[in-house]
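**Student:** Each residue of the sequence shown is one higher than the one before, counting from 626 in my numbering. Don't be surprised by glycine CBs; every beta carbon is placed ideally from N, CA and C. Got a structure here, written out as C-alpha cells. Questions coming.
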Amino acid sequence: WGCLLAGVLASNIAQYVLADENELRAECCLLSGFLFKALFRSSLPHPTADRDYALYSVGEGFEVTSLTPGIDFMSNKFRCDARQLVAALKWVTEELSRAQYSLFFGQIIDI
Numbered sequence: 626w627g628c629l630l631a632g633v634l635a636s637n638i639a640q641y642v643l644a645d646e647n648e649l650r651a652e653c654c655l656l657s658g659f660l661f662k663a664l665f666r667s668s669l670p671h672p673t674a675d676r677d678y679a680l681y682s683v684g685e686g687f688e689v690t691s692l693t694p695g696i697d698f699m700s701n702k703f704r705c706d707a708r709q710l711v712a713a714l715k716w717v718t719e720e721l722s723r724a725q726y727s728l729f730f731g732q733i734i735d736i
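In C-alpha cells form, the structure reads like this:
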C-alpha cells in the first residue's frame, strides 16, 4: 500500500504544487514512477529489467493474471481510491512522455 499511496501523493504534488517548476515536476514524476514500478519489482512473477516490459502484459489470458497475487488494491477505497490511482497514473505517464522518458513510462502503462 505504501508505494501506491506515495506514488499518488508524489503525482499530486507534481501536478498541483510544482506546476510552474518544470525540472522539479519532472523529478517528482520520476519519483512517482519509481514508486509505481516498485510494485512490479517486489513481486516475483514480474520481470525486473526495464527492457523486458516492452511486450509484457498482466491480466486475464496472460501468464501473470494479477499485479500482486492475493492482494486486491481496490478492495478498500479508504486505502487506495481507484479514481485517484488511475488519474495519477494517467497524469504521470503523460508528463513522462512529454518529457521524453519513453522507456521509463512504458512500465507504468502496464499497471
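1. Comparing alpha-carbon positions, which option in Ala631, Gly627, Cys628, Gln640 lies nearest Lys715?
2. Comparing C-alpha positions only, which one of Asn637, Leu664, Cys628 sits nearest to Ala651?
3. Comparing alpha-carbon positions, which option in Ala663, Leu710, Ala712, Gly658 lies nearest Tyr726?
4. Kindly list the residues whose CB is nearer than 6 angstroms to the CB of Leu629, restricted to its own chain and excluding five residues on each side of it in sequence; keep chain order.
5. Nearest-angstrom Cα distance between Val642 and Leu664?
6. Using only CA atoms, which one of Glu646, Val633, Glu648, Ala644 lies nearest to Phe661?
7. Relative to the C-alpha of Cys654, which residue among Ala635, Ser700, Ala631, Arg723 is closest?
8. Have a look at Leu710 and Ser722 and give me their C-alpha separation to the nearest angstrom.
**Tutor:** Result, derived from the coordinates:
1. Gln640
2. Asn637
3. Gly658
4. Cys705
5. 25 angstroms
6. Val633
7. Ala635
8. 18 angstroms
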